[in-house]
Amino acid sequence: MTHMNWTNSSRLFKAAGRYIPGGVNSPVRAFRNVGGNPLFITRGKGSKIFDADGNRYVDYVSSWGPLILGHAHPSIIRAIMKAAAKGTSFGAPTEEETELARLIVQAMPSIEMVRLVSSGTEAAMSAIRVARGYTNRDQIIKFAGCYHGHSDGLLVKAGSGATTFGTPDSAGVPADYARNTIVLPYNDSEALSLFLGKNGSKIAAIIVEPVAANIGLVPPEPDFLKTLRRLSDRDGIILIFDEVITGFRLGYGGAQEYYGIKPDLTCLGKIIGGGLPVGAYGGKRKIMEMAAPLGPVYQAGTLSGNPVAVAAGIAMLKELKKPGTYQKLAKKGAKLASALAQAATESGIISRVNSLGSMFSIFFGIREASNYDQVLQSDRELYRRFFWNMLERGIYLAPSPFETGFVSLAHSEADLDYTIGKIKETFKIINRR
Ligand code: KE4
Numbered sequence: 000m001t002h003m004n005w006t007n008s009s010r011l012f013k014a015a016g017r018y019i020p021g022g023v024n025s026p027v028r029a030f031r032n033v034g035g036n037p038l039f040i041t042r043g044k045g046s047k048i049f050d051a052d053g054n055r056y057v058d059y060v061s062s063w064g065p066l067i068l069g070h071a072h073p074s075i076i077r078a079i080m081k082a083a084a085k086g087t088s089f090g091a092p093t094e095e096e097t098e099l100a101r102l103i104v105q106a107m108p109s110i111e112m113v114r115l116v117s118s119g120t121e122a123a124m125s126a127i128r129v130a131r132g133y134t135n136r137d138q139i140i141k142f143a144g145c146y147h148g149h150s151d152g153l154l155v156k157a158g159s160g161a162t163t164f165g166t167p168d169s170a171g172v173p174a175d176y177a178r179n180t181i182v183l184p185y186n187d188s189e190a191l192s193l194f195l196g197k198n199g200s201k202i203a204a205i206i207v208e209p210v211a212a213n214i215g216l217v218p219p220e221p222d223f224l225k226t227l228r229r230l231s232d233r234d235g236i237i238l239i240f241d242e243v244i245t246g247f248r249l250g251y252g253g254a255q256e257y258y259g260i261k262p263d264l265t266c267l268g269k270i271i272g273g274g275l276p277v278g279a280y281g282g283k284r285k286i287m288e289m290a291a292p293l294g295p296v297y298q299a300g301t302l303s304g305n306p307v308a309v310a311a312g313i314a315m316l317k318e319l320k321k322p323g324t325y326q327k328l329a330k331k332g333a334k335l336a337s338a339l340a341q342a343a344t345e346s347g348i349i350s351r352v353n354s355l356g357s358m359f360s361i362f363f364g365i366r367e368a369s370n371y372d373q374v375l376q377s378d379r380e381l382y383r384r385f386f387w388n389m390l391e392r393g394i395y396l397a398p399s400p401f402e403t404g405f406v407s408l409a410h411s412e413a414d415l416d417y418t419i420g421k422i423k424e425t426f427k428i429i430n431r432r
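Just so you know, numbering that gives the first Met the number 0 puts 378 at position 379 of the sequence shown, and the rest follows in order with no gaps.
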């Protein structure tokens, strides 16, 4: 096995660390969950990315989800160049923002009105503020392991012992901010019913990843989303689906179409920007009319609805709307996921592969991964060895066992066959103690 040359990435990482905390502009990129130094990427094309040493990789990170068409898709690049040539930002409304809003509303019937922002974090933060303004209640519920961006009230973990109040999950988050966030176990309808039975009337909103994808991929149990919808209706709680990952990924109508459950508000991001910074939150008109300047809930953004980013988003959604898109994605995802599971079994490696459409995760050392506690039991050391052996073989997987892998429309049969061959090679090696 010839070892890859990563000299330039190491040099660039050292230089970056002089000016940027941890050398990265987002923590997960630092490879802390797998050790070693991150690769510095110079370009992407289709299913491939290329690093600063000229190495080529089949990419399954897809910039953490946005690049469902693959890198540098011609339609998206053309749209960006055309928009940019007319100016990059006006701080004034543009017709294209209405077009992107219309496409989103058409794709997801639960969304009657939508506000564009610049990230998933902003989308989740704003949706919660609108829900609090609409219900005049302060407390919200999130689920352990689900991630909704880095706003203070969402960087919260379950309170210790019986206390239901959340406690900060990051330095710099005041305990007072965390107190209004209750953290319950994901996929546990009983715990949810029990808690709401006593406290439902005090809850402004429940925010949930309808398919958990930040603890690795953990789909909802059959009754979980239905229970969320039923109890939210009963207690007048705003149900927020955080579809920043699943929106336009799991289907053109997202997880809400796939599972047939309508939330009151939806958060979007990633794919709807085509790789540029776009987030959005939207839902029932009577709730969204709370947002300034129409209503009393303030929310703003200099680059919200940025014309270049919106042009990329429109081009993305028009491509995804083409017939057969999601059948192709699901077929590619199923081929990779089943080969991954089969190779692990044949190698005698205990593992659990979760997959849904073009999303997948492998958890080592466990056979069940349907909640956060189970996922936390998985063998992280074995994942680390899997990650590095695959990277050495030109396959770029998520540098964390608690992220989700993504197949794009650009992944060819040859890419998948190459990947499957390297998985088999790697499993032979990592299984040796
Ligand atoms: P951003 O603010 O990073 O655009 O979106 C936050 C967010 C909200 N909701 C969900 C379900 C998300 O997955 C995310 C962001 N996802 C992470 C990793 N899965 C982005 C990668 C990063 O933090 O660098």
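Even glycine gets a Cβ: it sits at the ideal position worked out from N, Cα and C.
Query: Assuming Val129 is part of the alpha helix (DSSP H), what are its boundary residues?; Result: Gly119 to Thr134
Query: Tell me which same chain residues have a C-beta within less than 7 Å of the C-beta of Gly235, skipping the five on either side of it?; Result: Thr134
Query: Could you tell me if Ile214 is buried or exposed, where buried requires 16 or more neighbouring beta carbons within 10 angstroms of its beta carbon?; Result: buried
Query: Indicate, with yes or no, if ligand 1 has a heavy atom lying under 7 Å from the CB of Ser9.; Result: no
Query: Which residues bound the beta strand (DSSP E) around Ser350?; Result: Ser350 to Leu355
Query: Taking one C-beta from the region 239-249 and one from the region 48-67 each time, how about it: are there three or more such pairs within less than 8 Å?; Result: yes
Query: Between the region 332-347 and the region 297-315, are three or more C-beta pairs nearer than 8 Å?; Result: no
Query: Taking the CB atoms as reference points, tell me whether Ala106 and Tyr251 lie closer together than 8 Å.; Result: yes
Query: What's the call for Gly420, buried or exposed, on a 16-neighbour Cβ count within 10 Å?; Result: exposed
Query: Measure the CB-CB distance between Thr97 and Lys141 and report whether it falls below 8 Å.; Result: no
Query: Any heavy atom of ligand 1 closer than 7 Å to the Cβ of Val374?; Result: no
Query: When the distance is taken between beta carbons, is Arg351 closer than 8 Å to Ile365?; Result: yes
Query: Is Ser407 buried or exposed, if buried means 16 or more other CB atoms sit within 10 Å of its CB?; Result: buried
Query: Taking the straight line between their C-alpha atoms, what separation do you get for Phe223 and Thr425?; Result: 36 Å
Query: What three-state label does DSSP hand Asp52 in the structure shown?; Result: coil
Query: Can Ile181 be considered in contact with ligand 1, in the sense that its beta carbon sits closer than 7 Å to one or more heavy atoms?; Result: no
Query: For Pro167, which of helix, strand or coil comes out of DSSP?; Result: strand
Query: Shortest alpha-carbon distance to Ala100 belongs to which of Thr93, Val113 and Val155?; Result: Val113
Query: Quick check: is any heavy atom of ligand 1 less than 7 Å from the C-beta of Ser118?; Result: yes
Query: Taking the alpha carbon of Leu355 as the reference point, which residue from Phe405, Ile348 and Leu375 has its own alpha carbon closest?; Result: Phe405
Query: Confirm the yes/no value for this check: CB of Ala212, any heavy atom of ligand 1, distance under 7 Å.; Result: yes
Query: For the pair the region 216-233 and the region 157-176, tell me if three or more CB-CB distances fall below 8 Å.; Result: no
Query: In the DSSP assignment, find the beta strand (DSSP E) that holds Leu267 and state where it starts and stops.; Result: Leu264 to Leu267
Query: Along the chain, which unbroken stretches of the alpha helix (DSSP H) at least 4 residues long are found entirely within the region 293-349?; Result: 306-319 and 324-345
Query: Identify whether Ile19 lies in helix, strand or coil by the three-state DSSP scheme.; Result: coil
Query: With DSSP run on the structure shown, which of helix, strand or coil describes Ile260?; Result: coil
Query: Is any heavy atom of ligand 1 found at a distance shorter than 7 Å from the C-beta of Asp241?; Result: yes
Query: Can you tell me whether DSSP reads Glu424 as helix, strand or coil?; Result: helix
Query: In the region 62-116, which residue ranges form an unbroken beta strand (DSSP E) of at least 3 residues, counting only runs that do not cross its ends?; Result: 112-116
Query: Within 7 Å: the Cβ of Ile270 and any heavy atom of ligand 1?; Result: no
Query: Asn370 and Asn198 - do their beta-carbons sit closer together than 8 Å?; Result: no
Query: Name the residue from Leu193, Leu319, Ala123 and Leu216 whose alpha carbon lies nearest to the alpha carbon of Ile237.; Result: Ala123
Query: Does the contact criterion of 3 or more C-beta pairs under 8 Å hold for the region 49-61 versus the region 2-14?; Result: yes
Query: Distance, Cα to Cα, Lys85 vs Ala310?; Result: 12 Å
Query: Rounding to the nearest angstrom, what Cα-Cα distance links Phe164 and Arg42 in this structure?; Result: 45 Å
Query: Would you call Pro295 buried or exposed, if buried means 16 or more other Cβ atoms sit within 10 Å of its Cβ?; Result: exposed
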